[in-house]
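All residue numbers for the sequence shown refer to our numbering, where the first residue is 1269 and numbers rise by one.
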Amino acid sequence: MYKNQRIIIDTRKYDVDEVFERYKHGQLFFYEKRSAARAHKNKVTREVLEALWKGIPFPPVYVSELQNGALLVLEKNNRLRFLMEYLEYGFDVNSKDTSELEETKHFLEKMERYGSKKDIYYSAVILHVIDYLNPKYMHMQVGAFIEEWTNLQEQSIRNILYHGEGMEFFGELLSKIDYPLRLELNIQYNLIYFLMVHCVASRFFNAREVQSADRFQLLEYTLYGLQDMDGRFLDGLCEQFESLYYFLGRKANSSSLFIRISAEDRTKYLCFMGIWEKIRTGENRMEVFENKRVRNMVERCDMSFMGINRIAEIFREGDLW
């Protein structure tokens, strides 16, 4: 199913004014994110404005073209987001914070010698547009490679790109799990990987179709295949996921070793502890972390079909030392 294909990317040059018009009309938008601290947002905004006033080019931005022609911005550093918000609303200043008001006033006075606000609108922005005709997993591959997303940024983008194409049924599965709203993106990210790893280990997929699939191809295959899976199988996985997710959360709060584990590796432990319990019934789930050979395999796994399948086969064979 997955063959080597080259990604179609169209490079377009716009003025800031043209980009802003798209933004105002809902044709350019950004993924969901936690609110940025006001001080950080204003600092980044000032840096962008000063650079543009001096004639420094705006860094190229990667965007995904959606079916309706709208552009989803994939950038991680929020420069374009904060610039658009500044052009619409001005600086985000607390009117009761006199030092912040004074700092903003001083900055604007300082910038006057470089030119007017019009100069900002005439500045060029290069957009690398990932064509809508590309499979969605290619959009994810490009964004993850260029922007080095966090797990939450990756999931935020996925929620938009796959809206209406597997995410609704995935949402039904999510409703079976008890979690606070603040953890929603994290739960989504971990659950989709958890389901993917179990589908590989359970031999749900046609190995011939996915044998060369990387993690983004495999995640897409998982999303599209959820509705064809047995309901009781999925209910059992959701129940196991919830138990393991909060188990690892407690470990992270009580163990200095777990605190140092990256979010990406913690997801891997969650996934492989899950299939360990299925394959090696009755054995201690912590073997996945405590057994040095297993731990190294898990942390080095690229989450491709071949990588996951190799570990599942080793679990079955019992060659763990």
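Even glycine gets a Cβ: it sits at the ideal position worked out from N, Cα and C. In this text the structure is predicted, and so the values were computed from the model without any measurement.
At a Cβ-Cβ threshold of 8 Å, Val1410 and Tyr1492 do not count as neighbours. The closest CA to that of Glu1558, considering only Asp1570, Ile1547, Phe1540, is found on Phe1540. Among the bridge pairs identified by DSSP, Ala1481 is matched with none. Looking at the DSSP output, Phe1298 sits in a beta bridge with Val1341. With three or more CB-CB distances shorter than 8 Å, the segment 1339–1351 counts as touching the segment 1282–1302. For Glu1440, the enclosing alpha helix (DSSP H) covers residues 1435–1442. According to the DSSP secondary-structure assignment, Ala1392 is paired through a beta bridge with Asp1283. DSSP, reduced to helix, strand and coil, places Asp1278 within a strand of the structure shown. Ser1332 is bridged by DSSP to Leu1340, Ile1398.
Shown here, Arg1347 sits in a helix according to DSSP, grouped into three states. In this structure, Leu1459 lies near Phe1509, with their beta-carbon atoms less than 8 Å apart. If you draw a 10 Å sphere on the C-beta of Tyr1514, you find fewer than 16 other C-beta atoms in it, and that means exposed. In this structure, Phe1350 keeps its C-beta atom at 8 Å or more from the C-beta atom of Val1393. Exposed is the label assigned to Gln1495, since fewer than 16 other Cβ atoms lie within 10 Å of its Cβ.
Membership of Asn1577 in the alpha helix (DSSP H) is indicated by the continuous run 1573–1585. DSSP places Asn1454 inside the alpha helix (DSSP H), whose first and last residues are 1452–1469. In this structure, Cys1506 sits near Lys1444, with a CB-CB distance shorter than 8 Å. In the three-state reduction of the DSSP assignment, Met1406 falls in the helix class, which pools H, G and I. Cβ-Cβ distances below 6 Å link Phe1472 to nothing in the same chain once the five nearest sequence neighbours on each side are left out. In the pairwise beta carbon analysis, the segment 1467–1486 is classified as touching the segment 1395–1414: at least three pairs are separated by under 8 Å. Selection Asp1446, Leu1348, Tyr1357, Glu1477 evaluated against Ser1511 yields Asp1446 as nearest (Cα-Cα).
Across the structure, Ser1391 and Val1287 are spaced so that their CA atoms are roughly 10 Å apart. If you compare the alpha carbons of Leu1348, Tyr1405, Asp1387, Asn1345 with that of Ile1276, the shortest gap goes to Tyr1405. Only residues of its own chain outside the window of five on either side were considered, and among them Leu1420, Gln1423 have a CB closer than 6 Å to the CB of Leu1453, listed in chain order.
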